[in-house]
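Undergrad: Residue numbers (the working numbering): 2 to 440.
#1: For the region 199-215 against the region 156-164, are there 3 or more C-beta pairs whose distance is under 8 angstroms?
#2: How far does the beta strand (DSSP E) with residue 117 in it extend, from its first residue to its last?
#3: Between the C-alpha atoms of residue 436 and residue 280, what's the straight-line distance to the nearest angstrom?
#4: What number of angstroms, rounded off, separates the C-alpha of residue 211 from the C-alpha of residue 312?
#5: May I have the straight-line CA-CA distance separating residue 408 from residue 415, to the nearest angstrom?
#6: What would DSSP say about residue 421, mapped onto helix, strand or coil?
#7: Return the chain-ordered list of same chain residues with a C-beta closer than 6 angstroms to the C-beta of residue 226, the five sequence neighbours on each side being excluded.
#8: At which residue ranges does the region 123-159 contain complete beta strand (DSSP E) runs of 3 or more residues, listed in the order of the chain?
#9: Go ahead and pull the three-state DSSP assignment for residue 429.
#10: Considering only residues of the same chain and omitting the five flanking positions on each side of residue 315, which have a CB-CB separation below 6 angstroms?
#11: What residue range does the beta strand (DSSP E) around residue 213 cover?
#12: Can you check which of these residues, 382, 246 and 255, is closest to residue 240 by C-alpha distance?
#13: For the beta strand (DSSP E) that contains residue 80, what are its first and last residues?
#14: So if DSSP puts residue 166 in a beta bridge, which residue, or which two residues, is it bridged to?
#15: Can you tell me the Cα-Cα spacing of residue 341 and residue 265, whole angstroms?
#16: How many Å lie between residue 411 and residue 364 at the Cα?
#17: Would you report the Cα separation of residue 146 and residue 117, rounded to the nearest angstrom?
#18: Does the Cβ-Cβ distance between residue 278 and residue 234 come in under 7 angstroms?
#19: Identify which residue in 393, 171 and 93 has its Cα closest to the Cα of residue 150.
#20: Looking at the unbroken beta strand (DSSP E) that takes in residue 334, where does it start and where does it end?
#21: What first and last residue would you give for the beta strand (DSSP E) that runs through residue 301?
#22: Can you confirm whether the region 297-311 touches the region 71-79 when touching is taken to mean that 3 or more C-beta pairs between the two stretches lie within less than 8 angstroms?
#23: Looking at the unbroken beta strand (DSSP E) that takes in residue 354, where does it start and where does it end?
#24: Compare the Cα-Cα distances from residue 231 to each of 439, 247, 81 and 259 and report the closest residue.
#25: Which residue comes first and which comes last in the beta strand (DSSP E) that contains residue 311?
#26: I need the straight-line Cα distance from residue 320 to residue 113, nearest angstrom please.
#27: Determine the DSSP secondary structure at residue 260, reduced to helix, strand or coil.
#28: For residue 161, does the three-state DSSP call read helix, strand or coil?
#29: Determine the burial state of residue 214: buried for a count of at least 16 other Cβ atoms within 10 Å of its Cβ, exposed for fewer.
#30: So does the region 132-146 actually touch the region 83-103, counting three or more Cβ pairs closer than 8 angstroms?
#31: If residue 433 sits next to residue 63, beta carbons under 8 angstroms apart, how far is it from one beta carbon to the other, in whole angstroms?
#32: Which same chain residues end up closer than 6 angstroms to residue 324 when comparing Cβ atoms and leaving out the 5 residues on each side of it in sequence?
#33: Among the residues of its own chain, which have a CB less than 8 angstroms from the CB of residue 103, if the five just before and after it don't count?
#34: Sorted by chain position, which residues of the same chain lie with C-beta nearer than 6 angstroms to residue 262's C-beta, five sequence neighbours on each side aside?
#35: Using a 10 Å radius around the Cβ and a threshold of 16 neighbouring Cβ atoms, would you call residue 47 buried or exposed?
Laid out in structure tokens, this is it:
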């Protein structure tokens with residue numbers, strides 16, 4: 002509590018003087034409460050506004066949670082301090098870093114959402130960034146962690162309508178507490194490497210081709226999680242036809258080869274067939290919807306092969322000059338986090354609303370729901386059955402640009418897991434206060 006009050010006091014000392022506002026940032030420190038299929042915007046995500054080649058930044062945050070280990074009972078509360086130094090740079094210079102790519106260690110190929118080429122409009126663009134989150138706990142010092150993330154991107158526009166975007170992301174992080182069947186007060190640390198290459202080619206006035214190649218490597222630190230270590234290879238091809246200057250119809254095929262280091266989990270191949278529509282009606286409204294058929298074929302357990310309806314929706318719309326809405330919906334198969342079980346079917350919905358209340362303040366609301374249906378039976382505490390989990394998360398945050406180089410944000414987040422196995426239920430309430438300085 003003393004740390005929280007000290008941080009609040011520092012904010013009050015800085016309030017009297019304010020400069021021109023930068024873009025608002027509403028972010029919990031260190032991406033805390035990043036549960037399954039939800040990745041909170043990190044305090045290291047820099048609000049823009051300054052042209053330059055190199056952008057160092059520093060963030061300091063304080064978090065309170067009433068259920069540190071995500072347990073169904075005997076909850077432990079905790080105060081957590083998060084310090085996040087980071088830096089990003091670009092050549093040629095950029096005012097704002099490219100949009101952060103979401104990665105997920107249970108998704109085949111490592112990326113739960115379709116990646117779009119971030120075309121800067123330049124012939125050549127190079128970007129790189131690094132951040133580290135240092136966690137310090139008031140009560141559970143043995144649970145203190147350091148999370149690191151590095152990313153790099155190269156975008157090239159060539160003649161003849163040919164473009165290429167190379168992406169590399171390195172994560173040194175951990176799963177949230179109470180993942181899989183692990184209910185011990187310990188983290189499941191891992192490193193992950195995501196490589197992805199997008200090639201686009203404007204074949205003619207109305208037709209285009211998109212080629213995607215990817216690699217994902219997952220490696221857990223502890224032997225108890227070695228069954229999850231794997232390497233994924235991904236390839237995809239999409240053919241598009243422009244119905245109007247603002248709308249595009251496409252068909253798409255994806256192939257993913259999933260290879261585990263241990264024979265506890267069965268290797269598999271996935272084949273995805275999609276038809277979809279993408280649009281950018283105005284600079285304020287853009288999106289994509291696709292639906293299709295997914296096959297998952299196992300190397301040894303052919304009786305467990307799956308055929309599922311899969312799909313995805315991404316929508317971004319500016320409602321007014323001061324408010325915007327983002328929606329994501331997916332249905333896909335994900336890898337299991339329980340030893341000896343094959344996979345799970347995941348349905349996910351995420352809704353975010355941002356309102357710029359004034360030139361210096363903004364409010365952010367987010368709501369997400371996830372349902373995981375495991376495809377193999379498990380036995381826990383004498384109960385045997387197919388495990389189904391429902392996750393609900395809602396958050397409210399307020400950001401304030403105190404000075405041109407300083408942003409303050411505070412907020413609240415609630416997360417709940419409701420499982421048909423009661424031992425996996427939990428509720429988590431968290432509040433945060435965060436300062437981010439950009440040099």
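Even glycine gets a Cβ: it sits at the ideal position worked out from N, Cα and C. Since the structure is predicted, the reported quantities are computational estimates derived from the model, not experimental observations.
TA: Quick look at the numbers:
#1: yes
#2: Where residue 117 is concerned, there is no enclosing beta strand (DSSP E), given that its DSSP letter is neither H nor E.
#3: 37 angstroms
#4: 18 angstroms
#5: 23 angstroms
#6: coil
#7: 189
#8: 125-138 and 147-158
#9: strand
#10: 288, 289 and 329
#11: 208-221
#12: 255
#13: 79-92
#14: 156 and 199
#15: 6 angstroms
#16: 10 angstroms
#17: 32 angstroms
#18: no
#19: 171
#20: 324-336
#21: First-last for residue 301: undefined, no H or E at that position.
#22: no
#23: 344-356
#24: 259
#25: 307-321
#26: 26 angstroms
#27: strand
#28: helix
#29: exposed
#30: yes
#31: 7 angstroms
#32: 356
#33: 40, 112, 113 and 114
#34: 230
#35: Because the pLDDT of residue 47 is 35, which lies under 50, any placement of that residue in the model is unreliable, and the question is left without a value.
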